[in-house]
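Colleague: Sending over a structure as structure tokens; questions will come in a sec.
2 protein chains.
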Amino acid sequence: MRTVEISAKTEYAVRAMLELAATGDGGPISVDVLARGQGLPRKFLESILADLRRAGLVVSTKGARGGYQLALPPAEIPIGAVFRAVDGPLAEVRGRRPHQTEYDGVAQHLPVLWVAVRSSLRQVLDDTSLEQLLSGELPGRVRDLAAEPDAWLSR
Amino acid sequence: MRTVEISAKTEYAVRAMLELAATGDGGPISVDVLARGQGLPRKFLESILADLRRAGLVVSTKGARGGYQLALPPAEIPIGAVFRAVDGPLAEVRGRRPHQTEYDGVAQHLPVLWVAVRSSLRQVLDDTSLEQLLSGELPGRVRDLAAEPDAWLSR
DNA sequence: ATTAAATCCTATCACTCCCATAGGAGTTAC
DNA sequence: GTAACTCCTATGGGAGTGATAGGATTTAAT
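One line per chain: the protein sequences are A and B, in this order.
So for the first sequence, numbering that gives the first Met the number 0 puts the first residue at 0; every next one is plus one.
So for the second sequence, numbering that gives the first Met the number 0 puts the first residue at 0; every next one is plus one.
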């Protein structure tokens, strides 16, 4: 397993949300159109949108001409919220939340590191809105991180 | 799956490395002693140490009185190196490296976000050494992240 | 030399999660 | 009424996680 693993589910969720944000408000968009737009598996996307609806990030309209719309303006939806909606908490350490870990002896400072890891992730995902991601006008800190030397290279 | 999931394997690896760092250099330490020291499953730890050895982070001594030692001073071993040794690359997006992702249309800026996520993780894990984690004297940036408002609370 | 203490290697296994699909029940616009 | 949707439940292959077992090999100490 990779420490940070952005799953297909999460990636699809973000892309679907971007599609919804891009359409502005021309009424509900169906799963079929959404799936076609970004080339996502239709049935799988259907279950993802159900998660997003339960989290209150999108609203659905049933029946003919129905579909999905954002529940809030794109500027008010942090990407982190999308992650949590489909994936649960951002960070876990062996099934526990970072701040709930405990260690004896030489490992006693580990929780600080785990919390810092989560905090750094939050600073990226919770400070970037759907609108910013759509326009490419990302927060200064996010830009700086991506502009870091070697940020685009493997290690 | 959680976006950041620190596995048992990775956690055990870091804790074992901390044990090795703490012992300074009193000769090799056996898996048995190591496992007892932090309460880790012996056989599982054995396979983890094999990974750490293949990555060149520890050296082993075979036979009676054998065991494991750090291959470098603790100040020269970043925590990130331990992660990569047992877990592979720090970050992946649907099985690809963040900088190798590609998207059309509305999702075109996504790679910048993915790279920023990885970059933020690197700034924590690659800038913290085994020695710093052992002593609790973490890098300024890591301390700041852990001191962020709400860093120790659930979201 | 023998023995005891280690690493090292291969195999196996239960379990869980991921990604996805199928089929149909319910709802609504036209 | 019917076509176009969402919504719900069930299913399933495959991969990965977290271990454990058993023994082959190597070495220090007596």
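The beta carbon of each residue, even a glycine, is placed where N, CA and C say it ideally should be.
Keep in mind the model is a prediction, meaning the values are calculated, not measured.
#1: If the cut is a Cβ gap below 7 angstroms, which residues of chain A does L44 of chain B touch?
#2: Whole angstroms is fine: what's the gap from Y67 of chain A's alpha carbon to V58 of chain A's?
#3: Contact criterion: CB-CB distance below 8 angstroms. Does V30 of chain A meet it with respect to chain B?
#4: Using a cut-off of 7 angstroms between C-beta atoms, extract the partners of V105 of chain A located in chain B.
#5: Find out if the Cβ-Cβ distance for the pair H120 of chain B, V81 of chain A is shorter than 8 angstroms.
#6: With the cut-off set at 8 angstroms, would you say V3 of chain A and A90 of chain B are in Cβ contact?
#7: Look at the Cβ atom of P73 of chain B, then the Cβ atom of A20 of chain B, and state whether they are nearer than 8 angstroms.
#8: Along the alpha helix (DSSP H) that carries E118 of chain A, what are the first and last residues, could you check?
#9: Please report how far the alpha carbon of L144 of chain A lies from the alpha carbon of A150 of chain A, in whole angstroms.
#10: Is there a Cβ of chain A sitting closer than 8 angstroms to that of G139 of chain B, yes or no?
#11: Have a look at A49 of chain B and H98 of chain A and give me their C-alpha separation to the nearest angstrom.
#12: Measuring CB to CB, does A12 of chain B end up less than 8 angstroms from L51 of chain B?
#13: Would D24 of chain B pass as an interface residue toward chain A - the criterion being a Cβ-Cβ separation below 8 angstroms?
#14: Kindly say whether Q122 of chain A, judged by its beta-carbon, lies nearer than 8 angstroms to any beta-carbon of chain B.
#15: Looking at the structure shown, is G79 of chain B part of a helix, part of a strand, or coil, going by DSSP?
#16: Using 8 angstroms as the threshold, is the C-beta distance between I5 of chain A and R93 of chain B below it?
#17: Could you tell me how far apart the beta carbons of P40 of chain A and R64 of chain A are, in whole angstroms, since I believe they sit closer than 8 angstroms?
#18: At 7 angstroms on the CB atoms, spell out the chain A contacts of D50 of chain B, in chain order.
#19: Could you please tell me which residues of the stretch 80–92 of chain B, in chain order, have their CB closer than 7 angstroms to any CB of chain A?
Modeller: In brief:
#1: Taking the first residue of the second sequence as 1, we reach residue 44 of chain B at position 45. Here the premise fails: no neighbours, minimum Cβ distance about 14 angstroms.
#2: Position 68 of the first sequence, counted from the start, is the residue given in the question as residue 67 of chain A. Position 59 of the first sequence, counted from the start, is the residue given in the question as residue 58 of chain A. For Y67 of chain A and V58 of chain A, the distance between alpha carbons rounds to 6 angstroms.
#3: The sequence position of residue 30 of chain A within the first sequence is 31, counting from 1. It does not: the Cβ of V30 of chain A has no partner Cβ on chain B nearer than 8 angstroms.
#4: What you label residue 105 of chain A is simply residue 106 of the first sequence in a count that begins at 1. Those within 7 angstroms of V105 of chain A in chain B are L17, E18, A21 and L133.
#5: Here the question's residue 120 of chain B lines up with position 121 in the second sequence. Here the question's residue 81 of chain A lines up with position 82 in the first sequence. Residue identity differs from the one stated: residue 120 of chain B is Leu in this sequence, not His. Taking 8 angstroms as the Cβ cut-off, L120 of chain B and V81 of chain A do not qualify as a contacting pair.
#6: Against the first sequence, residue 3 of chain A aligns to sequence position 4. Against the second sequence, residue 90 of chain B aligns to sequence position 91. Yes, they are a contact pair.
#7: Here residue 73 of chain B refers to the residue found at position 74 of the second sequence. Here residue 20 of chain B refers to the residue found at position 21 of the second sequence. In this structure, P73 of chain B sits near A20 of chain B, with a CB-CB distance shorter than 8 angstroms.
#8: In the first sequence, residue 118 of chain A corresponds to position 119, counting from 1. For the sequence presented, residue 118 of chain A should be read as Ser rather than Glu. If you look at S118 of chain A, you'll find it in the alpha helix (DSSP H) that goes L109 to L124.
#9: Position 145 of the first sequence, counted from the first residue, corresponds to residue 144 of chain A. Position 151 of the first sequence, counted from the first residue, corresponds to residue 150 of chain A. Distance between the alpha carbons of L144 of chain A and A150 of chain A: 7 angstroms.
#10: Numbered from 1 along the second sequence, position 140 holds the residue referred to as residue 139 of chain B. False, the Cβ-Cβ gap to chain A never drops below 8 angstroms.
#11: Indexing the second sequence from 1 puts residue 49 of chain B at position 50. Indexing the first sequence from 1 puts residue 98 of chain A at position 99. Taken atom to atom, the span from the alpha-carbon of A49 of chain B to that of H98 of chain A is near 30 angstroms.
#12: The sequence position of residue 12 of chain B within the second sequence is 13, counting from 1. The sequence position of residue 51 of chain B within the second sequence is 52, counting from 1. Their beta carbons are under 8 angstroms apart, which means A12 of chain B touches L51 of chain B by this criterion.
#13: Position 25 of the second sequence, counting from 1, holds the residue named residue 24 of chain B. Cβ-Cβ to chain A under 8 angstroms: no for D24 of chain B.
#14: As a working note, residue 122 of chain A is residue 123 in the first sequence. Output row for Q122 of chain A: interface = yes.
#15: The count along the second sequence starts at 1 and reaches residue 79 of chain B at position 80. It is helical.
#16: The residue labelled residue 5 of chain A in the question sits at position 6 within the first sequence. The residue labelled residue 93 of chain B in the question sits at position 94 within the second sequence. Closer than 8 angstroms, so yes.
#17: Counting from 1 along the first sequence, the entry for residue 40 of chain A is found at position 41. Counting from 1 along the first sequence, the entry for residue 64 of chain A is found at position 65. Between R64 of chain A and P40 of chain A the Cβ distance is about 23 angstroms, and since that is not below 8 angstroms, they are no contact.
#18: Position 51 of the second sequence, counting from 1, holds the residue named residue 50 of chain B. None at all; the shortest Cβ gap to chain A is about 13 angstroms.
#19: The stretch 80–92 of chain B vs chain A, Cβ under 7 angstroms: F82, D86, G87, P88, L89, A90, E91 and V92.
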